[in-house]
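In my numbering, the protein residues as written are 641 to 1142.
In structure tokens, the structure reads:
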């Protein structure tokens, strides 16, 4: 669930204006009024202004008058790019003005300089922007986020209307926990994509601009959640709990938010508040097994406070384990185990962890199994997850899946259902475990469309080295899937994978 600063927004060249939608109408018929200004805000006369309709591929030109105005009347509906040139000035660009029956306006700011070409006037310049975009995405996939941001900004300096570049810049900013920057950048990407999605798309091809707009619309409301997850990951549990509470006001009625709030509060030692939060989650999602398990876990944490002597020794051992003294920690855990009459699953779990750190796999496995045996029925899943984590740490993913698919916690659910629920629960915290679970589902049922989609998205996030498998999974989902939103998303991802695989 949780997996991964001066505030700046993407800027264009000094002579380039960023996307601004049509301003209020100034005439009865569709048209554009262009105002040409110098660096001091004074009107510039005799600027050759060209408006180009991206839909019809037709252009019109006019000279600015003494007030610096170039007027274009009776224009076809469409998306217009506005360019102004005059000797002694660098060219100015305004993208885009949208004309739909009414009129819009644009302001061109001209600064002293020489003429030059824009990205749409020279294929080599546009190709350079595309190359920088790809390099930025590759750097992001390698988790080199500062380098990725630098490359993406360079691409956007060349082509400020590169919606995909803005989208991925927002992703990179999010990965650096610059949430406000990411939100601002995504809003720019959405605004741009909302305009450009009107452009014609080749038959049979998905509209990448529409996909960008839809993705941003899904991601922006989740920003408080991203902030909370980052705080939790940094072990700022009180802050994480407050952020989850804030997110719950924005995304109302979401039991997962209250569950996560409960986890954060419990980690902060506020057990009563944690139980209240989980209780609210269960009101929203009655009978949910994972929430009930969490409730029992927190109750157990609270009850453990009563086992004072054992708890003190257990805490001492836990600190030693965290500091790297596994042998000393094991001695403390065994002492705590004797004090607790060897009946506390949490102590057996810690014994398993210490044995694992000492490389004693069989003893660790036995201790983890004992912790699961002693755990209350509602808490079995939690202790299974700890056992599974032991296997994850030594890269034994299949054994981790075996642990989590133990029928003792399955009830009347099928193995396929258990594995799907496991993957959904851990995909953000432990994506490798989710991947192994979904691969097992596909072996059990090759026609499970959701497994193909979920696994394809996980592999997509891992980067280019997984592209072959990603293509295989998402293409299969497109064949057998029925969910319209997921189909649109899968097709959009296939386009991105195909591009970056070249």
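Ideal placement from N, C-alpha and C gives every residue a C-beta, glycine not left out.
The closest CA to that of residue 1001, considering only 984, 1035, 977, is found on 1035.
For residue 1115, the closest alpha carbon among the candidates 735, 1137, 801, 809 is that of 1137. Between residue 983 and the set 1004, 1015, 910, the nearest pair of CA atoms involves 1015. In its chain, beyond the 5 residues on either side, 694, 695, 719, 849 have a beta carbon closer than 8 Å to the beta carbon of residue 839. Our two residues, residue 844 and residue 1131, have alpha carbons roughly 11 Å apart in a direct line. Residue 820 sits exposed, since fewer than 16 C-beta atoms from the chains shown fall within 10 Å of its C-beta. For residue 1112, the closest C-alpha among the options 1133, 1123, 1125, 884 is that of 1133. The beta carbon of residue 871 lies closer than 7 Å to those of 879, 880, 883 in the same chain, with the five residues before and after it left out.
Note on geometry: alpha-carbon atoms of residue 867 and residue 788 lie some 21 Å from one another.
Using a Cβ distance threshold of 8 Å, residue 938 and residue 902 count as a contacting pair.
Apart from the 5 residues on each side of it in sequence, residue 933 sits with its Cβ closer than 7 Å to the Cβ of 1018, 1019, 1021, 1022 in its chain, given in chain order. The three-state secondary structure of residue 758, taken from DSSP, is coil. Counting other Cβ atoms within 10 Å of its Cβ, residue 738 reaches 16 or more and is therefore classed as buried. Excluding residues up to 5 positions away in sequence, 895, 928, 931, 932, 935 lie with their Cβ nearer than 8 Å to the Cβ of residue 922 in the same chain. Linking residue 1107 to residue 1117 through their CA atoms gives a straight-line distance of about 15 Å. Comparing alpha carbon positions, the residue from 970, 703, 1025, 833 closest to residue 800 is 833.
Secondary structure at residue 680: coil, using DSSP grouped into helix, strand and coil. Shown here, residue 894 sits in coil according to DSSP, grouped into three states, outside any helix or strand. A contact is defined here as three or more CB-CB pairs under 8 Å, and the stretch 962-969 meets this definition with respect to the stretch 984-998. Contact between residue 1038 and residue 1076 holds, with the beta-carbon distance rounding to 6 Å and staying under 8 Å. Taking 8 Å as the cut-off, the Cβ atoms of residue 992 and residue 1004 count as close. The C-alpha of residue 749 is placed about 21 Å away from the C-alpha of residue 802.
Restricting attention to alpha helix (DSSP H) runs no shorter than 4 residues, the stretch 893-965 encloses them at 895-907, 911-924, 929-944, 948-963, ordered along the chain. Burial of residue 1010 is indicated by the presence of at least 16 other C-beta atoms within 10 angstroms of its C-beta. Under DSSP, residue 722 shares a beta bridge with 691, 734. Counted as a single uninterrupted DSSP element, the alpha helix (DSSP H) harbouring residue 1117 occupies residues 1107-1120. Only exposed fits residue 1084, as fewer than 16 other CB atoms lie within 10 angstroms of its CB.
In the assembly as shown, residue 698 is an exposed residue. Its beta-carbon has fewer than 16 other beta-carbons within 10 Å. Residue state for residue 1034 is assigned as coil, using DSSP reduced to three classes. Assigned with DSSP and collapsed to three states, residue 802 falls in coil, not helix or strand.
By the neighbour-count definition (other C-beta atoms within 10 Å, threshold 16), residue 952 is an exposed residue. Rounded to the nearest angstrom, the gap between the Cα atoms of residue 847 and residue 685 is 40 Å. Looking at the DSSP output, residue 712 bridges to 672. Residue state for residue 748 is assigned as strand, using DSSP reduced to three classes. For the pair residue 806 and residue 829, the CB atoms are nearer than the 8 Å cut-off.
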